[in-house]
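Engineer:
There are 4 protein chains.
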Amino acid sequence: MRILMDDRGKKYILDEGQDFHNDLGIIKKEELENCVPGDILKTHKEHEVKVIQANVNDFIELMERKCSILLPKDIGIVIAYTGLGCGDKVVDAGTGAGAIALHFANVVGKEGEVHSYEIREDFTKIAQKNVKQFGFDNITIKNQDIKEGIDEEEVDLIFLDLPKPYEMMESVFDALKSGGWLAVYAPYIEQVQILNRIAKKIGFNEINTIECILREMEVKSKGTRPKTRMVGHTGYLSFARKL
Amino acid sequence: MRILMDDRGKKYILDEGQDFHNDLGIIKKEELENCVPGDILKTHKEHEVKVIQANVNDFIELMERKCSILLPKDIGIVIAYTGLGCGDKVVDAGTGAGAIALHFANVVGKEGEVHSYEIREDFTKIAQKNVKQFGFDNITIKNQDIKEGIDEEEVDLIFLDLPKPYEMMESVFDALKSGGWLAVYAPYIEQVQILNRIAKKIGFNEINTIECILREMEVKSKGTRPKTRMVGHTGYLSFARKL
Amino acid sequence: MRILMDDRGKKYILDEGQDFHNDLGIIKKEELENCVPGDILKTHKEHEVKVIQANVNDFIELMERKCSILLPKDIGIVIAYTGLGCGDKVVDAGTGAGAIALHFANVVGKEGEVHSYEIREDFTKIAQKNVKQFGFDNITIKNQDIKEGIDEEEVDLIFLDLPKPYEMMESVFDALKSGGWLAVYAPYIEQVQILNRIAKKIGFNEINTIECILREMEVKSKGTRPKTRMVGHTGYLSFARKL
Amino acid sequence: MRILMDDRGKKYILDEGQDFHNDLGIIKKEELENCVPGDILKTHKEHEVKVIQANVNDFIELMERKCSILLPKDIGIVIAYTGLGCGDKVVDAGTGAGAIALHFANVVGKEGEVHSYEIREDFTKIAQKNVKQFGFDNITIKNQDIKEGIDEEEVDLIFLDLPKPYEMMESVFDALKSGGWLAVYAPYIEQVQILNRIAKKIGFNEINTIECILREMEVKSKGTRPKTRMVGHTGYLSFARKL
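Residue numbers (the working numbering), protein chains in the order written: chain G, 3 to 245; chain R, 3 to 245; chain Y, 3 to 245; chain W, 3 to 245.
This is the structure:
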């Protein structure tokens, strides 16, 4: 997928078949049609606009999303802790705008599969539109309550971002392959407490909960320091493995 | 790759063609030969030993490594921040025991490539052995100084874990494809300061440095709290993009 | 010092000899004159206003300040690390609005002394007004550059919050009593690096630098978690002792 | 109180009327008798030993303690948040070895008072010995269960470090003066949750809970970084004010 970046660093989705226009000028659709990543176009006001091959983060930043989305720090830790890789089968719920499904799909590739459950119809539609727009065909977004059951079997990773992630532990356990992981994102410690107790009872192994605090550094000629404002907390990440 | 786990949760690499034996007993090589993940074997002392499909973390924990290795928290953040995905081309240096190359290879899959530079011959050999043992064939470990030049072109991600990562910024820039990322792991803030300055001068974009502080939670019947001991610092992660 | 708190929890300095009035109504000066902490007064609109014995934090929150002030977390760590106590002699620079001088004065009491150096005349005046208003008479605010020399001798604690705190290390060392502490607040790591090197050269002992990351917890019926926004960094605290 | 420091930086309590001896040699009691802070003595093996005026931290480090003690970071935050000052009246429980009582006594001075409750007789005796040895006479250590009642009135600060700090909220509220603070140290989040609920019900104001994460910096010629190991968690600090 190609995106555009103007000379202030602002990025835009390239809408095929349409002129690009912002406050820095216009680029005709004919010119956009054949451009390739690396090309530098010019608006009629002589501002440079670069064509960029979007990666999954570029797109997520620009796509429609009516809900909050997970930060890369949390997504990355889920991927590395569970050893998610190319070819894996993933289930996630709830989909939201589809950001985490896109990240998983990016990793598991064409030979892998991502099945994403979303109970709200409006989010399902947004996510489906986003997935289609980015061009991934290894994601299925279902307007389905994961509490009703998990259709998939022999799953490598089940990721839950739900208010009560502990309500479906048995079907999660059944759907996982031996060695597979459950990963849960939950903002409140009460959710973690219940989840841990139930996961233990059902027979999960390697149960643990972590929290990732991310500090951004400010490296300027004036001096170096951690940024003065930061995200204090997103959510706890809990892991449990079927062994 | 299959590994074994005894009833205390301890894991072992399954050495094909050899009996398994530890303090809990022996399992004959004939029995090991045909076991599949999920099987439960018994030692001659009647202890259960489970056969597990190893993921990349299981293996890294068990493999030979004569040097410190990156933690999953840092690896995961590199993957998610740079949007690394299936099919991508990665260069990393220095290889060490090969842990990060294994993680990258796990993500990029058969259609992707990982090229890993290591200046020390002994580490190169350990890493090559580890890669072969895990069974990945998308990794090339080279006993070569990355300062001498980067052989690869149109690279999606170059990852550096070196004392002076800023010495090869120009060849890094040249080797990256448009939109590609440089990610650098460096324990000291001085490395970050020099790196930032040089990356800016060479023309990199989206330069930023972060630090991930990971807190493990203790969830017990006695109560819930962050663990009382923790890793205080591993390294700063710096990112720069060729746009 | 008495302050007023309305029924929304908002606090106000009680200006002696003047009526109190806000959007919730008016209280006549005659009524305010003889009130004591614990009293509940009423505005003419029947809103309750409580009389409170102000502590140093109440006052600092309400007083005039044209500059940023240190957070209690950093002030408290300086006090506890250096073992500051009742009767001690303290020097600090720069004064700013006087917040840290007020905190120190609160601890050292009538038998102690706080001498505060401020290079800017406008800040000096604000701080002097604040100190007088709160009623402390153990603080001297001087419109004087501490680089020119420290007038005091046998000091227990010298606290510096200056752009170049390392420029006056020798006179700091001379002014301290044996066993006395230097404490430095500095936002940038470069300041810390220079300070550490010079402090070592001059003969300071027990040199160390820390950073305090404060997390506020949100304890609600909805759930418990760290607050989602937080202060990422204020400054590094460096300590050095004359032994 | 005078202490001794040998040329390796190790500190020792000066036992009046006794020779000093360690592996670096002996100093006769006659010589110790009249030494003053700043003096440098010599052992018979020609090793230098310095006489130092101990502050409260020096002594706490050296005193007998059969239990874990609070870290300065947490003590300092309690002092600064509650605005504790010279002349204040403090109640604390449980005493433990007396470390926090010593810190409070150091701040409140001769005109202030610290009343410390300890249920265990052995700890009470250790704490009483420690207080006497350091020479403070503004501390009363009582071998008494604070749950049975608080003898003091019009208290400025009540500090609790107990397994169930929420069991005595009403008598805490009664004992505090208007404007006074309750501060609670509790390692587990469950303690915090119950405490918050009860404090609210009883009528406390300005209820809040924080956690202080302290990072030590390593500033060496090799480079600057946060230390690689750190204390992950000590306890949550909860505050509630009677207004």
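No residue lacks a Cβ here, since even glycine has one placed at the ideal position from N, Cα and C. As the structure is a prediction and not an experimental result, all values here were calculated from the model.
1) Which residue comes first and which comes last in the alpha helix (DSSP H) that contains residue 2 of chain G?
2) Hey, could you find the ends of the alpha helix (DSSP H) residue 60 of chain R is sitting in?
3) DSSP state of residue 70 of chain G, grouped into three classes?
4) Going by DSSP in three states, residue 241 of chain W sits in which element: helix, strand or coil?
5) Quick check: the Cα distance between residue 156 of chain W and residue 175 of chain W, rounded to an integer number of angstroms?
6) Mind reading off the beta-carbon distance from residue 96 of chain R to residue 164 of chain R? Whole number of angstroms is fine, and I expect it under 8 Å.
7) Is the beta carbon of residue 201 of chain R less than 8 Å from the beta carbon of residue 170 of chain R?
8) Distance, Cα to Cα, residue 112 of chain G vs residue 103 of chain G?
9) Is any heavy atom in the ligand HEM found nearer than 7 Å to the beta carbon of residue 46 of chain G?
10) Quick check for students: name the residue ranges of the alpha helix (DSSP H) that lie wholly in the segment 146-183 of chain G, counting only runs of 4 or more.
11) In chain W, which residues lie less than 9 Å from residue 233 of chain R when you measure between Cβ atoms?
12) Helix, strand or coil, according to DSSP, for residue 124 of chain Y in the structure here?
13) Is there at least one Cβ from chain G nearer than 8 Å to residue 169 of chain Y's Cβ?
14) As a quick exercise: from R:184, R:98, R:151, pick the residue whose alpha carbon is nearest that of residue 205 of chain R.
15) Going by beta-carbon coordinates alone, are residue 209 of chain W and residue 191 of chain G separated by less than 8 Å?
16) Please list the partners that residue 191 of chain Y has in chain G, where partner means a Cβ-to-Cβ separation under 8 Å.
17) Which runs of the beta strand (DSSP E) spanning at least 3 residues fall entirely within the segment 28-60 of chain W, listed in chain order?
18) For residue 217 of chain W, which residues in the same chain have their Cβ closer than 8 Å to its Cβ, ignoring the five residues on either side in sequence?
19) I'd like the list of long-range same chain contacts for residue 51 of chain R, defined as Cβ closer than 8 Å, with 5 residues on each side in sequence excluded.
20) Please list the partners that residue 1 of chain G has in chain Y, where partner means a Cβ-to-Cβ separation under 7 Å.
21) Within 10 angstroms of its Cβ, does residue 19 of chain W collect 16 or more other Cβ (buried), or is it exposed?
22) At a CB distance below 7 Å, what residues from the segment 73-100 of chain G approach chain R? Give them in sequence order.
23) Identify the continuous beta strand (DSSP E) that holds residue 216 of chain R and give its terminal residues.
24) What is the DSSP secondary structure of residue 226 of chain Y, reduced to helix, strand or coil?
25) Should residue 132 of chain R go down as buried or exposed, given a rule of 16 or more other Cβ atoms within 10 Å for buried?
26) With DSSP as the reference, please indicate the residues paired to residue 24 of chain Y in a beta bridge.
27) Return the chain-ordered list of same chain residues with a C-beta closer than 7 Å to the C-beta of residue 34 of chain W, the five sequence neighbours on each side being excluded.
28) So with CB distances below 7 Å, who are the chain R contacts of residue 39 of chain G?
29) With C-beta atoms as the reference, is residue 244 of chain G less than 8 Å away from residue 178 of chain G?
30) Is residue 76 of chain Y helix, strand or coil when you go by DSSP?
31) Could you check which residue in Y:62, Y:125, Y:220, Y:237 has the C-alpha nearest to that of residue 213 of chain Y?
32) Which residue wins for smallest C-alpha separation from residue 211 of chain G, given the options G:187, G:108, G:53, G:31?
33) With distances taken from CA atoms, which of G:94, G:13, G:48 is nearest residue 142 of chain G?
34) Kindly indicate which residue of G:36, G:86, G:24 has the alpha-carbon position closest to the one of residue 48 of chain G.
35) Taking residue 12 of chain Y as part of the alpha helix (DSSP H), name the residues at either end of that continuous run.
36) Can you find a CB in chain R that lies within less than 8 Å of the CB of residue 14 of chain G?
Structural biologist: A quick look at the data gives this:
1) Beyond the ends of chain G as shown, which are 3 and 245, falls residue 2 of chain G; an answer cannot be given.
2) Taking the second sequence and counting its residues from 1, one reaches residue 60 of chain R at position 58. Where residue 60 of chain R is concerned, the enclosing alpha helix (DSSP H) stretches over 58-64.
3) Counting from 1 along the first sequence, the entry for residue 70 of chain G is found at position 68. Coil.
4) Reading the fourth sequence from its first residue, position 239 is the one you call residue 241 of chain W. Strand, per DSSP.
5) Stepping through the fourth sequence from its first residue, residue 156 of chain W is reached at position 154. Stepping through the fourth sequence from its first residue, residue 175 of chain W is reached at position 173. Between residue 156 of chain W and residue 175 of chain W, the C-alpha separation is close to 10 Å.
6) Taking the second sequence and counting its residues from 1, the one referred to as residue 96 of chain R is at position 94. Taking the second sequence and counting its residues from 1, the one referred to as residue 164 of chain R is at position 162. 6 Å between Cβ atoms; contact.
7) On the second sequence, residue 201 of chain R is found 199 positions in, with the first residue counted as 1. On the second sequence, residue 170 of chain R is found 168 positions in, with the first residue counted as 1. No, these two residues do not count as a Cβ contact at 8 Å.
8) Position 110 of the first sequence holds residue 112 of chain G. Position 101 of the first sequence holds residue 103 of chain G. Using only the alpha carbons, I get a separation of about 14 Å.
9) The ligand HEM is absent from the structure shown, which contains no ligand whatsoever.
10) 171-177
11) Translated into positions along the second sequence, residue 233 of chain R becomes position 231. Chain W residues near residue 233 of chain R: 230, 231, 232, 234.
12) What you label residue 124 of chain Y is simply residue 122 of the third sequence in a count that begins at 1. It is helical.
13) Your numbering for residue 169 of chain Y matches position 167 in the third sequence. No, because no Cβ of chain G sits closer than 8 Å to the Cβ of residue 169 of chain Y.
14) Along the second sequence, one-based indexing puts residue 205 of chain R at 203. For residue 205 of chain R, the nearest C-alpha among the options comes from R:184.
15) In the fourth sequence, the residue the question calls residue 209 of chain W occupies position 207. In the first sequence, the residue the question calls residue 191 of chain G occupies position 189. In this structure, residue 191 of chain G does not lie closer than 8 Å to residue 209 of chain W by Cβ.
16) Within the third sequence, the letter at position 189 stands for residue 191 of chain Y. Ordered by position in chain G, the residues that pass the 8 Å Cβ test against residue 191 of chain Y are 225, 226, 227.
17) 42-44, 50-55
18) Within the fourth sequence, numbered from 1, the residue matching residue 217 of chain W stands at position 215. Result list for residue 217 of chain W: 228, 229, 232, in chain order.
19) Counting from one through the second sequence, the residue named residue 51 of chain R turns up at place 49. So the qualifying residues of the chain are 6, 7, 8, 9, 22, 26, 29, 42, 43, 44, 45.
20) Not covered by the structure: residue 1 of chain G. The range shown for chain G is 3 to 245.
21) Locating residue 19 of chain W in the fourth sequence gives position 17, counting from the first residue. It counts as exposed.
22) 74, 75, 77, 78, 79, 81, 82, 83, 85, 87, 88, 89
23) The residue given as residue 216 of chain R occupies position 214 in the second sequence. Counting along the chain, the beta strand (DSSP E) containing residue 216 of chain R begins and ends at 207-222.
24) The sequence position of residue 226 of chain Y within the third sequence is 224, counting from 1. Strand.
25) For this step, residue 132 of chain R is matched to residue 130 along the second sequence. So residue 132 of chain R counts as buried.
26) Sequence index remark: in the third sequence, residue 24 of chain Y carries index 22 (1-based). Its beta-bridge partners are Y:27.
27) Looking up residue 34 of chain W in the fourth sequence gives position 32. Within the same chain, residue 34 of chain W has close Cβ partners 16, 22.
28) The residue labelled residue 39 of chain G in the question sits at position 37 within the first sequence. Under the 7 Å cutoff, chain R gives 180, 181.
29) Taking the first sequence and counting its residues from 1, the one referred to as residue 244 of chain G is at position 242. Taking the first sequence and counting its residues from 1, the one referred to as residue 178 of chain G is at position 176. Result yes, Cβ atoms of residue 244 of chain G and residue 178 of chain G sit closer than 8 Å.
30) As a first step, residue 76 of chain Y is located in the third sequence; it is residue number 74 there, counting from the start. Looking at residue 76 of chain Y - three-state DSSP - the assignment turns out to be helix.
31) Counting from one through the third sequence, the residue named residue 213 of chain Y turns up at place 211. Out of Y:62, Y:125, Y:220, Y:237, Y:237 has the C-alpha closest to the C-alpha of residue 213 of chain Y.
32) Taking the first residue of the first sequence as 1, we reach residue 211 of chain G at position 209. For the residues G:187, G:108, G:53, G:31, the minimum Cα distance to residue 211 of chain G belongs to G:187.
33) Stepping through the first sequence from its first residue, residue 142 of chain G is reached at position 140. Among G:94, G:13, G:48, the Cα nearest to that of residue 142 of chain G belongs to G:94.
34) By 1-based counting over the first sequence, the position of residue 48 of chain G is 46. Of G:36, G:86, G:24, the residue nearest in Cα terms is G:24.
35) Counting from 1 along the third sequence, the entry for residue 12 of chain Y is found at position 10. Here residue 12 of chain Y belongs to no alpha helix (DSSP H), and DSSP marks it neither H nor E.
36) Here the question's residue 14 of chain G lines up with position 12 in the first sequence. No - not a single Cβ of chain R is within 8 Å of the one on residue 14 of chain G.
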